[in-house]
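Participant: What follows is a single structure, and I will ask about it in a moment.
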Amino acid sequence: MSEPKPRSEFRRMMRKLLRNPSAILGFSLLAFFVLVAIFAPYIAEPVNPQMLDENGKPMRLDNPYIMPVITWSSEPIPPSKEHPFGMIQGRDIFYGVVWGTRTAFYIGLTVTLISTAVGIVIGSISGYYGGWIDEILMRITDVFLSIPFLLAAMVLTTILGNGLDKVMIAMVVFGWMGAARLIRANILQVKEEQFVLAAKALGIKDFFIILRHILPNTIFPVLIQASMRMGSLVITAAGLSFLGLGAPLGYADWGSMLNFTRNWILGTSGSSMTYWYAVFYPGMAMVLFVLAWNLVGDALRDVFDPRLK
Amino acid sequence: MEKTPLLSVRNLRTYFYTEDGIVKAVDGVDFDVYEGETLGIVGESGSGKSVTSLSIMRLLDPKGKIEEGSEIIFNGKNLLSLSEDEMRRIRGNEIAMIFQEPMVALNPVFTIGEQIMEAILLHQDVDRKTARHMAIEMLKKVGIPEPEKRVDEYPHELSGGMRQRAMIAMALSCRPKLLIADEPTTALDVTIQAQILELMKELQKEYGMAIILITHDVGVIAENADRVVVMYGGKVMESADVYTVFKKPKHPYTWGLLNAIPRLDIEQERLYSIPGMVPDPLHFPPGCRFSNRCEFKENRCEIEMPDLAQVEPGHMVRCFYYKKVENIHNSSKVGGAK
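So this is what it looks like as structure tokens:
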């Protein structure tokens, strides 16, 4: 009797997910990106066809995330059989889009995980203890919230120096507030529940009360919010890369690839669509990536939000 | 000759500092609890009985403060002078508590076994396997059928009565010397109520623990308590052994409470009710706090607060004119209430 219950709950959730077309679309897109990221070395082999080793085979790249320069033509080269997405700045766009998927996941997951963790810690302390601790932490949160995110991230990246890791640090520093506020609000509600008082009456330490009794009852909205933010973080990172603050030149990152197109984005005189492929493929990858996370976040909210059950 | 009490509360004053002013939720409460006995604390909502129990556990919310000069002596130690760490070792281990709403007093995301084990692992030096075994043993003891299976169930899979049994198992898992039961049966059906109270009595006998039974239900007190403390407006109005309180109450408030109980043996048109309402704790009447509702009051009651005075051995009453209530007993042939 006790076994089938959680499973039927799980099955109910799965049924609900499968009945929702946008959820299916979101999860399929996400699965697609995951597969591309995992199999990137097979989809776009990390070799430089211009440089041959002693056996006459193309040499493997030291760092597969640095897109190899395969032609010295500075003008974008339209899609061809060898280079299905075309080339820009001498680099294969297809290669960049494929390996950029890994970069996107890397940035998104790392920043989301760390900033959510920071938010959970600050929000938990603030909500659980209340009083002046809450007051101080929430005012600090307000200060961080009052600074425009993109501007703050740009300034901090400039101070720290260029590089993907610096961008990520900047995004964590200015990206934890949403999670902190959300978890605080939820904790304020849950900590009034009697089971928290009951746990205290058993002599359980505050740390374990927060960790075992409060957080598991409040964590879902935060996870949903985090999945929604995954997409937007990747856009922000791309934006910073586009501005030249993020990934180094030639890094397989969708934002830096768009950076290459700055000179070509308007096309040639009279035909603005001449270099469409330079913008379209990296841009499309980004749009679909964000869409995937947003749909997944929506689907999770629908499944877990008791009010929508 | 005199036994030393397990718990003695002296001049307990718990004030809440709110934006509207100081709420004197508990204002000078004294009582003793002896080993193995059940002390009933009875009073309406807002009388301070729950705040009293939370004060003993030191689990008040941050606005509430136990005032200087209050004493809660448990087993020879003043709980109010212990550090938070020392207090935590007492909670759940020596003093345990069960709550009114078994529906919400268990954490919905953990199995009841995990929750009982948490308390055991915290206070006793045993490994998880032993703790689990002890949890099952405890569930068996509180009369939960098929404890080996129930131990892995979540609170929502149990009925209200079962959950309260699980709560009791959790509270008693470390064999506390004192169990504080705050309205333990109020949220349950009457039939389940009786079962739970019966269970508590059995376990009390087995473990030899003392119980503070807090309730607004005079019937529950009559059935289960050895001695009774009647609280009103944050003060003790009357305290005596259960027989005395029910047969010969001397405080007008106790008298009113007992008259408000429907009785099968007397034909009654309308049930008696104490006139007026429980006063707002920010605006107690001056003098005796019951004076604005008292049927026996005189001018003096509105000016001066009477002391809790011993009127006969073991019987304390806080009233200037308790003799008036006595006279009613004497004139009425029915005895007891009315």
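Residue numbers (UniProt numbering), protein chains in the order written: chain F, 1 to 309; chain W, 1 to 338. Backbone N, C-alpha and C define an ideal beta-carbon position, used for all residues, glycine too.
#1: Check Pro78/F in the structure and name its three-state DSSP category.
#2: Could you please give the first and the last residue of the uninterrupted beta strand (DSSP E) stretch that includes Glu71/W?
#3: Classify Gly56/F as buried or exposed, calling it buried when 16 or more other Cβ atoms lie within 10 Å of its own Cβ.
#4: Helix or strand or just coil, what does DSSP make of Glu223/W?
#5: So which of Leu258/W, Val42/W, Val23/W has the shortest CA-CA distance to Lys63/W?
#6: Quick one: what does DSSP say Phe15/W is sitting in, helix, strand or coil?
#7: Look at the Cβ atom of Ile196/W, then the Cβ atom of Pro184/W, and state whether they are nearer than 8 Å.
#8: Check the DSSP bridge columns for Val234/F and list the partner residues they point to.
#9: Determine, for Gln89/F, whether the minimum Cβ-Cβ distance to residues of chain W falls below 8 Å.
#10: Among the candidates Ile112/W, Cys319/W, Ser55/W, whose CA atom is the shortest distance from the CA of Met167/W?
#11: With residue 375/W and Arg175/W assumed to form a contact (beta carbons below 8 Å), what rounded beta-carbon distance in angstroms separates them?
#12: Nearest-angstrom Cα distance between Tyr154/W and Val111/F?
#13: Touching or not, the segment 85-101 of chain F and the segment 148-156 of chain F, by the rule of three or more beta carbon pairs under 8 Å?
#14: Based on the DSSP output, what are the partners of Arg91/F in its beta bridges?
#15: Out of Arg163/W, Leu282/W, Thr215/W, point me to the one whose CA is closest to Ile144/W's CA.
#16: Can you name the residues that DSSP bridges to Asn48/F?
#17: State yes or no: is the beta carbon of Val142/W nearer than 8 Å to at least one beta carbon in chain F?
#18: Step through the CB atoms of chain W and report whether any lies within less than 8 Å of the CB of Gln194/F.
#19: Cβ of Asn259/F less than 8 Å from any chain W Cβ?
#20: Taking CB distances under 8 Å as the criterion, tell me whether Leu122/W reaches chain F.
#21: Taking any Cβ of chain W, which residues in the segment 101-133 of chain F have a Cβ under 7 Å from it, in chain order?
#22: Any chance the segment 69-85 of chain F sits against the segment 17-25 of chain F, with 3 or more Cβ pairs inside 8 Å?
#23: Would you call the segment 10-28 of chain W and the segment 285-301 of chain F in contact, with 3 or more CB pairs under 8 Å?
#24: So within the segment 238-293 of chain W, which uninterrupted alpha helix (DSSP H) runs reach at least 4 residues, ignoring any that extend past its ends?
#25: Going by C-alpha distance, which of Phe110/W, Asn11/W, Ile95/W is nearest Asn29/W?
#26: Excluding the 5 residues flanking Phe320/W on each side, which residues of the same chain have their C-beta closer than 7 Å to its C-beta?
#27: Look at Ala210/W and Glu37/W and say whether their C-beta atoms are less than 8 Å apart.
#28: Determine whether the Cβ of Phe99/W lies closer than 8 Å to any Cβ atom of chain F.
#29: Roughly how many whole angstroms lie between the Cα atoms of Gly283/F and Phe105/F?
#30: Under 9 Å Cβ-Cβ, which residues of chain F neighbour Glu35/W?
#31: Excluding the 5 residues preceding and the 5 following Lys248/W in the sequence, name in chain order all residues of the same chain whose CB lies nearer than 7 Å to its CB.
#32: For Met305/W, does the three-state DSSP call read helix, strand or coil?
#33: Roughly how many whole angstroms lie between the Cα atoms of Leu35/F and Leu249/F?
#34: If I measure Cβ to Cβ from Gln50/F and keep anything under 6 Å in the same chain, skipping five residues before and after, which residues do I get?
#35: What is the residue span of the alpha helix (DSSP H) that Ala185/F lies within?
#36: Apart from the five residues just before and just after Asn264/W, which ones in its own chain have a Cβ nearer than 7 Å to its Cβ?
Facilitator: Let's see:
#1: Here residue 78/F corresponds to residue number 78 of the first sequence, with the count starting at 1. Coil at Pro78/F, not helix or strand.
#2: Taking the second sequence and counting its residues from 1, one reaches residue 71/W at position 71. Note, Glu71/W: beta strand (DSSP E), 71-74.
#3: Position 56 of the first sequence, counting from 1, holds the residue named residue 56/F. Classification of Gly56/F: exposed, given that the 10 Å Cβ count is below 16.
#4: Along the second sequence, one-based indexing puts residue 223/W at 223. Correct three-state label for Glu223/W: helix.
#5: For the purposes of this step, residue 63/W is identified with residue 63 of the second sequence, where counting begins at 1. Of the candidates Leu258/W, Val42/W, Val23/W, the one whose C-alpha sits nearest the C-alpha of Lys63/W is Val23/W.
#6: One-based indexing of the second sequence puts residue 15/W at position 15. Sequence check: residue 15/W is Tyr here, not Phe. Residue state, collapsed to three classes: strand.
#7: By one-based count along the second sequence, residue 196/W stands at place 196. By one-based count along the second sequence, residue 184/W stands at place 184. Contact flag set, yes.
#8: Numbered from 1 along the first sequence, position 234 holds the residue referred to as residue 234/F. DSSP lists no partner for Val234/F.
#9: Reading the first sequence from its first residue, position 89 is the one you call residue 89/F. Not one chain W Cβ lies under 8 Å of Gln89/F.
#10: Reading the second sequence from its first residue, position 167 is the one you call residue 167/W. Comparing Cα-Cα distances from Met167/W to each of Ile112/W, Cys319/W, Ser55/W, the minimum goes to Ile112/W.
#11: There is simply no residue 375/W to check, as chain W begins at 1 and stops at 338 in what is shown.
#12: If you number the second sequence from 1, residue 154/W lands on position 154. If you number the first sequence from 1, residue 111/F lands on position 111. If you take the alpha carbons of Tyr154/W and Val111/F, they lie about 35 Å apart.
#13: no
#14: Walking along the first sequence from the start, residue 91/F turns up at place 91. Under DSSP, Arg91/F takes part in a beta bridge, and its partners are Val69/F, Ile88/F.
#15: Indexing the second sequence from 1 puts residue 144/W at position 144. Nearest neighbour of Ile144/W by Cα position, chosen from Arg163/W, Leu282/W, Thr215/W, turns out to be Arg163/W.
#16: Translated into the one-based positions of the first sequence, residue 48/F becomes position 48. DSSP, once it has assigned bridges, lists Met59/F as partnering Asn48/F.
#17: As a first step, residue 142/W must be located in the second sequence, where it is residue number 142. No, because no Cβ of chain F sits closer than 8 Å to the Cβ of Val142/W.
#18: In the first sequence, counting from the first residue as 1, residue 194/F sits at position 194. By this cut-off, Gln194/F is an interface position.
#19: Reading the first sequence from its first residue, position 259 is the one you call residue 259/F. It does not: the Cβ of Asn259/F has no partner Cβ on chain W nearer than 8 Å.
#20: Here residue 122/W refers to the residue found at position 122 when the second sequence is read from its first residue. Yes, Leu122/W lies at the interface with chain F (some Cβ there is under 8 Å from its Cβ).
#21: Those would be Gly130, Gly131, in chain order.
#22: Touching, no.
#23: Taking a cut-off of 8 Å for Cβ pairs, the segment 10-28 of chain W and the segment 285-301 of chain F do not touch, as fewer than three such pairs fall below it.
#24: 242-247, 252-259
#25: Counted from its first residue, the second sequence places residue 29/W at position 29. First, the residue type needs correcting, since residue 29/W is Val and not Asn in the sequence shown. Among Phe110/W, Asn11/W, Ile95/W, the Cα nearest to that of Val29/W belongs to Asn11/W.
#26: Here residue 320/W refers to the residue found at position 320 of the second sequence. Excluding sequence neighbours, Phe320/W sits near Arg300, Cys301, Pro306.
#27: For the purposes of this step, residue 210/W is identified with residue 210 of the second sequence, where counting begins at 1. For the purposes of this step, residue 37/W is identified with residue 37 of the second sequence, where counting begins at 1. A distance below 8 Å separates the beta carbons of Ala210/W and Glu37/W.
#28: As a first step, residue 99/W is located in the second sequence; it is residue number 99 there, counting from the start. Yes, because at least one Cβ of chain F sits closer than 8 Å to the Cβ of Phe99/W.
#29: As a working note, residue 283/F is residue 283 in the first sequence. As a working note, residue 105/F is residue 105 in the first sequence. Distance between the alpha carbons of Gly283/F and Phe105/F is about 16 Å.
#30: Taking the first residue of the second sequence as 1, we reach residue 35/W at position 35. In chain order: nothing, as chain F lies at least about 21 Å away.
#31: Taking the first residue of the second sequence as position 1, residue 248/W is located at position 248. Cβ-Cβ distances below 7 Å link Lys248/W to His329 in the same chain, with the five nearest sequence neighbours on each side left out; the list follows chain order.
#32: Position 305 of the second sequence, counted from the start, is the residue given in the question as residue 305/W. Coil, per DSSP.
#33: One-based indexing of the first sequence puts residue 35/F at position 35. One-based indexing of the first sequence puts residue 249/F at position 249. Distance between the alpha carbons of Leu35/F and Leu249/F is about 26 Å.
#34: Position 50 of the first sequence, counted from the first residue, corresponds to residue 50/F. Around Gln50/F: Ile70.
#35: Counted from its first residue, the first sequence places residue 185/F at position 185. Here the alpha helix (DSSP H) through Ala185/F covers 177-190.
#36: Numbered from its first residue, the second sequence carries residue 264/W at position 264. The displayed chain sequence assigns Leu, not Asn, to residue 264/W. If we look at Leu264/W and ignore the five residues flanking it on each side, it has no Cβ neighbours.
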